[in-house]
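A.B. asks: Residue numbers (the numbering used here): -3 to 273.
1. May I ask you to verify whether the stretch 52 to 71 touches the stretch 36 to 44, counting CB pairs closer than 8 Å and requiring at least 3?
2. How far does the alpha helix (DSSP H) with residue 29 in it extend, from its first residue to its last?
3. Rounded to whole angstroms, what is the Cα-Cα separation between residue 264 and residue 87?
4. Taking 8 Å as the cut-off, does the stretch 173 to 189 touch the stretch 203 to 217 (at least 3 CB pairs, one atom from each stretch)?
5. In or out: residue 122 buried (at least 16 other Cβ within 10 Å) or exposed?
6. Decide yes or no for the touch test of the stretch 113 to 120 against the stretch 158 to 165: beta carbon pairs closer than 8 Å, at least 3 of them.
7. Check whether the Cβ atoms of residue 19 and residue 194 lie closer than 7 Å to each other.
8. Between which two residues does the alpha helix (DSSP H) containing residue 60 stretch?
9. Output the boundary residues of the alpha helix (DSSP H) element that contains residue 105.
10. Nearest by alpha-carbon distance to residue 168: which of 7, 260 and 13 is it?
11. What is the DSSP secondary structure of residue 252, reduced to helix, strand or coil?
So, in structure tokens, the structure goes:
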């Protein structure tokens, strides 16, 4: 596609609160991150096998199935492996994906060239356990309320092809017009009656595509009924001069026309930011 979003795409994103893009970048752009994740899985499989806890390493299995087969063979008793591949991995592969020019061009077309990679991000591996539902929520529910006026461009980015069978996202069209909705003990427990009306839209996304969301868009992910892991990333972008709702955690500047010297040049620069916290 052309650099950034077209006017039509921008209008749809602003009006609907979400925008599926099936082809944003070459799927091979994800290979450095997938290689890293494979290496982590491989190292833990070797350790578990050497300890006698894993009867087979499943070395010939593809990326989307191997972690699941190890998890099943160990009856779920591999928390160290899951912790190693999930969450906020500040690695070269993650930095590479977060700073793909195609992604930053989309962000720039919406908020301009002063771009922060937001400190709230995650690597996820949804197991095919048929029960792992992430219920209706807003991403702003996980942030401090002072970020309400910061326009964020949120990306849900699958590392494998996704559809209704393996747990793609579902969104409520127009729900981004809501305020920060009240919830009980978790942002995923929006109080009864507060869920906005609107068309519920399933958003299958192939590898190499993304789903754009706004931070007030209400969305959820369905169970994974497949025979493989649904790997995905949640990454967010905002203007680095505005509140992030995570003041105690640094993000890194990925693009800046006004202060190019502030742009992080690699994952080492990203990691060094945490030495100052």
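All C-beta atoms in this analysis are idealised placements derived from N, C-alpha and C, irrespective of residue type, glycine included.
C.D. replies: In brief:
1. The stretch 52 to 71 makes contact with the stretch 36 to 44: 3 or more CB pairs, one atom from each, lie closer than 8 Å.
2. 27 to 46
3. 8 Å
4. yes
5. buried
6. no
7. no
8. 59 to 69
9. 97 to 107
10. 13
11. coil
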